[in-house]
Amino acid sequence: SLAANRQMRKPAGLGSLSESPPVDVEDGYHALAGDAELGDAQYHAAREVCAGKVDNSDCCLALAGEIFPPFLVAGFGMVAAGILLGVARTWPVYVEVNELLILVPPLLGLKGNLEMTLASRLSTHANLGQFDENGPFYKIAMGNLAVVQCQAAVVGCLAAMVACCLNALTTGVFRSEHILLMISAALVAASAASLLLALLMISIVMASRRCGIDPDNVASPIAGMLGDFCTLGLLSITAHYLWEFRADFWWVQWTVVALYIGFIAPGCGMVASANSYTSGTLGEGWKPVIGAMLISCGGGLILSCADQVYVMLAPLAPVMNGAGGNLAAVQTSRISTDLHAMGRPGSMPMRQEEPLTPRATFSGLLSENRHSRSARILITLAVPGALCFVTLIAHVQSGGQALPQPLFLLMYVVATLVQVSVLLVCAHGIVSKLWCDGFNPDNAAIPYVTSLGDLVGTGCLTVAFWCLTALGGSPWSVL
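Right under this line is the structure:
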């Protein structure tokens, strides 16, 4: 009978995450499906996920072949974001409003977090069969669109205020006209990018599912890439025009703030709360997104201080932070999908020491289970990506007249390996801990992991520049 067939064991490749008895796929499906009715085809889709349907992804070459192309494409987008930041930081608004540079990492991190958690949720829905022909596709899509709009407006506003407070603490100067500009520009950039990127993520997950590609491997990197470039471009352009015409059109900034805070954010919140697929997401998604924003603000403060000493650092920061965060998001999404295929968050027995001890957390990188192998593959992919991205930035920034020096390439690659390794270890521990505590990792894990990518990445990049300067080197030399 169908009821008898719903009892499944954990996938053979999950390894160190659990040692569990048979669990009910219905729990895992209902954890995302709300009160929706379950069909035979959807249970068979969940069975395929549990049984390791995509065994080819466990092959090193197959996994690398699936992940590296979107990672490389995403990297080109982050290179474009870095070049854009290198140009935009010379604009009058960036020169006169110091807080804007502090806002860049948390706002880019916010957009990356929202779109990558959206991609992770949609990938889990797709892998469980809910995006098939008879699945509740439109209800899931509309609910998730409302969620990201609401979260983007609220957290974008908070990020702008935190950036102003951090600047006031470090400089001792607080200007009220700056905070109004920051909030209005952040709201417009975050909201517009949310709508465009969410629609694109839905299309990518659907296309991946129909082409037989695991969405977990491709959706998160593309989300991170487009989130960085689109959000930075919208933020810079919006802030530029609002600042340039602030004397004649001062009322525009007030109107933007009132519209988003008074109407758009509450309206989207009500739509998401009424949707059975996203009501839980909206409720439990605030803490990780806001926490991630605060962590990313630390990276923004480091960037603001380091930019005054190392003039070539700013264009590299979005690439360093985004590439590491994207690789860690892939790992986070893969682990989360496997867990969802086995049961409801908090329901799966796990070894007591697994999510808590340093030894168990580091086993996510050093052991021999499937996810540890994929983590080592992701670390390996970071090296050619780093070399390619840095070379491209140096070539473009110099107008085709320079290439990175070998010493700088060595420093940058070492910093990248340290950052990615730390993030993958954190991803394993964070997902395990959240699952044991009853939280959905699709909503909570990626924000924490990618915000740590901003903080650790900016710190590692600053240390790399410090070491390079101490050794008498320079980032790149003229051909």
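The numbering of the sequence shown is the working numbering, which starts it at 1107 and goes up by one. Glycine residues also receive a C-beta, built at the ideal position from the N, C-alpha and C atoms. Nothing here was measured: the structure is a model prediction, and the numbers come from that model.
Proximity winner among Q1503, S1385, L1523, G1373, relative to A1492 (alpha-carbon distances):
As a working mapping, residue 1492 is identified with position 386 in the sequence shown. With distances taken between Cα atoms, A1492 lies closest to L1523.
Determine the DSSP secondary structure at F1571, reduced to helix, strand or coil.
Counting from 1 along the sequence shown, the entry for residue 1571 is found at position 465. Assignment of F1571 by DSSP, reduced to helix, strand and coil, places it in the helix class.
Candidates S1527, Y1383, V1203: closest to S1282 by CA position:
Position 176 of the sequence shown, counted from the first residue, corresponds to residue 1282. It is V1203.
Within the continuous beta strand (DSSP E) that includes A1508, where are the two ends?
What you label residue 1508 is simply residue 402 of the sequence shown in a count that begins at 1. Per DSSP, A1508 belongs to the beta strand (DSSP E) from 1508-1510.
Looking at the structure shown, is P1127 part of a helix, part of a strand, or coil, going by DSSP?
If you number the sequence shown from 1, residue 1127 lands on position 21. Interpretation of P1127 is limited by its pLDDT of 36, a score under 50 that renders its predicted location unreliable; no figure is taken from the coordinates.
Rounding to the nearest angstrom, what Cα-Cα distance links D1130 and L1191 in this structure?
Position 24 of the sequence shown, counted from the first residue, corresponds to residue 1130. Position 85 of the sequence shown, counted from the first residue, corresponds to residue 1191. Confidence at D1130 is low in this model, with a pLDDT of 42, below 50, so its placement is unreliable and no value can be given for it.
N1549 to E1390 span [Cα, whole Å]:
Along the sequence shown, read from residue 1 onward, the residue named residue 1549 stands at position 443. Along the sequence shown, read from residue 1 onward, the residue named residue 1390 stands at position 284. Using only the alpha carbons, I get a separation of about 7 Å.
Taking DSSP as the reference, what is the three-state secondary structure of V1415?
What you label residue 1415 is simply residue 309 of the sequence shown in a count that begins at 1. Reduced to three states, the DSSP call for V1415 is coil.
Using the C-alpha atoms, what's the distance from P1421 back to Y1518?
Along the sequence shown, read from residue 1 onward, the residue named residue 1518 stands at position 412. Along the sequence shown, read from residue 1 onward, the residue named residue 1421 stands at position 315. If I take the Cα positions, the gap works out to 13 Å.
Look at the alpha carbon of P1242 and the alpha carbon of Q1236, and state the distance between them as a whole number of angstroms.
As a working mapping, residue 1242 is identified with position 136 in the sequence shown. As a working mapping, residue 1236 is identified with position 130 in the sequence shown. Distance between the alpha carbons of P1242 and Q1236: 6 Å.
Out of C1270, L1306, C1336, I1536, which one is the CA nearest neighbour of S1557?
Here residue 1557 corresponds to residue number 451 of the sequence shown, with the count starting at 1. It is I1536 whose Cα lies nearest to the Cα of S1557.
Would you please state the rounded distance, in angstroms, between the beta carbons of Q1511 and V1584? I believe it to be under 8 Å.
Residue 1511 sits at position 405 when you count from the first residue of the sequence shown. Residue 1584 sits at position 478 when you count from the first residue of the sequence shown. Contact flag wrong, Cβ pair sits at about 11 Å.
Taking the alpha-carbon positions, what's the G1215 to L1167 distance?
Along the sequence shown, read from residue 1 onward, the residue named residue 1215 stands at position 109. Along the sequence shown, read from residue 1 onward, the residue named residue 1167 stands at position 61. Cα to Cα, the separation comes out at about 30 Å.
To which residues of the same chain is V1502 closer than 6 Å at the C-beta, ignoring the five residues directly before and after it?
Within the sequence shown, numbered from 1, the residue matching residue 1502 stands at position 396. Annotation for V1502: I1189 place their beta carbon closer than 6 Å to its own, counting only its chain and skipping 5 residues before and after.
Is Y1200 buried or exposed, if buried means 16 or more other CB atoms sit within 10 Å of its CB?
Numbered from 1 along the sequence shown, position 94 holds the residue referred to as residue 1200. Classification for Y1200: buried.
Using a threshold of 7 Å, state whether the C-beta atoms of I1333 and A1296 are closer than that.
Start at 1 with the first residue of the sequence shown, and residue 1333 comes out as number 227. Start at 1 with the first residue of the sequence shown, and residue 1296 comes out as number 190. One point to set straight first is that residue 1333 is Gly, not Ile, in the sequence displayed. Between G1333 and A1296, the CB-CB gap reaches or exceeds 7 Å.
Distance CB(W1582)-CB(A1521) smaller than 7 Å
As a first step, residue 1582 must be located in the sequence shown, where it is residue number 476. As a first step, residue 1521 must be located in the sequence shown, where it is residue number 415. No, the pair does not count as a contact, with Cβ atoms beyond the cut-off.
What residues are listed by DSSP as bridge partners for S1583?
If you number the sequence shown from 1, residue 1583 lands on position 477. L1509, per the DSSP bridge assignment.
Rank L1388, G1559, L1513 by C-alpha distance to the C-alpha of A1371 and give the top, closest one.
Here residue 1371 refers to the residue found at position 265 when the sequence shown is read from its first residue. Of all alpha-carbon atoms in L1388, G1559, L1513, the one lying nearest the alpha-carbon of A1371 is that of L1388.
Delimiting residues of the alpha helix (DSSP H) encompassing F1351:
One-based indexing of the sequence shown puts residue 1351 at position 245. Counting along the chain, F1351 falls outside any alpha helix (DSSP H), and DSSP gives it neither H nor E.
Could you please give the first and the last residue of the uninterrupted alpha helix (DSSP H) stretch that includes A1447?
In the sequence shown, the residue the question calls residue 1447 occupies position 341. No alpha helix (DSSP H) holds A1447; DSSP gives it neither H nor E.
Coil, strand or helix - C1317 by DSSP
Working through the sequence shown from its first residue, we reach residue 1317 at position 211. Coil.
For G1431, which of P1175, M1222, A1345 has the nearest alpha-carbon?
As a position in the sequence shown, residue 1431 is number 325, starting the count at 1. When P1175, M1222, A1345 are compared, the shortest CA-CA separation from G1431 is found for M1222.
Compute the distance between the beta-carbons of V1185 and V1417, then report whether it is under 7 Å.
For the purposes of this step, residue 1185 is taken as residue 79 along the sequence shown, with counting starting at 1. For the purposes of this step, residue 1417 is taken as residue 311 along the sequence shown, with counting starting at 1. Not closer than 7 Å, so no.
Between W1357 and A1378, what straight-line distance do the alpha-carbon atoms span, to the nearest angstrom?
Against the sequence shown, residue 1357 aligns to sequence position 251. Against the sequence shown, residue 1378 aligns to sequence position 272. The straight-line gap from Cα to Cα measures roughly 31 Å.
Would you call the CB atoms of A1533 and T1438 closer than 7 Å?
Taking the first residue of the sequence shown as position 1, residue 1533 is located at position 427. Taking the first residue of the sequence shown as position 1, residue 1438 is located at position 332. Cβ distance < 7 Å, so A1533 and T1438 count as in contact.
Residue closest to L1561, alpha-carbon to alpha-carbon, out of A1398, I1343, R1450, L1509
As a position in the sequence shown, residue 1561 is number 455, starting the count at 1. Nearest option by C-alpha distance: A1398.
Local Cβ density within 10 Å of T1463, reported as buried at 16 or more and exposed below that
Here residue 1463 refers to the residue found at position 357 when the sequence shown is read from its first residue. Here the model assigns T1463 a pLDDT of 42, short of 50, so the residue's position is not dependable and the matter cannot be decided.
Given 8 Å as the limit, is there contact between the region 1309-1325 and the region 1349-1365, that is, 3 or more CB pairs closer than that?
The way I'd put it, the region 1309-1325 doesn't touch the region 1349-1365; fewer than three beta-carbon pairs between them come closer than 8 Å.
Tell me the rounded alpha-carbon separation between G1119 and R1476.
In the sequence shown, the residue the question calls residue 1119 occupies position 13. In the sequence shown, the residue the question calls residue 1476 occupies position 370. Residue placement at G1119 is flagged as unreliable, the pLDDT there being 33, under the threshold of 50; the coordinate-derived value follows with that caveat. C-alpha separation (whole angstroms): 5 Å.
Taking F1243 as part of the alpha helix (DSSP H), name the residues at either end of that continuous run.
Here residue 1243 is taken as the residue at index 137 of the sequence shown, counted from 1. Note, F1243: alpha helix (DSSP H), 1243-1277.
Just verifying my parser: in three-state terms, what is the DSSP assignment at S1504?
As a first step, residue 1504 must be located in the sequence shown, where it is residue number 398. It is coil, neither helix nor strand.
Simplified DSSP assignment, three categories, for G1192
For the purposes of this step, residue 1192 is taken as residue 86 along the sequence shown, with counting starting at 1. Note: G1192 maps to helix in three-state DSSP.
Between which two residues does the alpha helix (DSSP H) harbouring S1382 extend?
Numbered from 1 along the sequence shown, position 276 holds the residue referred to as residue 1382. Segment: none, S1382 is in no alpha helix (DSSP H) and carries neither H nor E.
Under a Cβ-count criterion, where at least 16 other Cβ atoms within 10 Å of its own Cβ denotes burial, should A1291 be classed as buried or exposed?
Taking the first residue of the sequence shown as position 1, residue 1291 is located at position 185. A1291 is classed as buried because its beta carbon has at least 16 other beta carbons within 10 Å across all chains shown.
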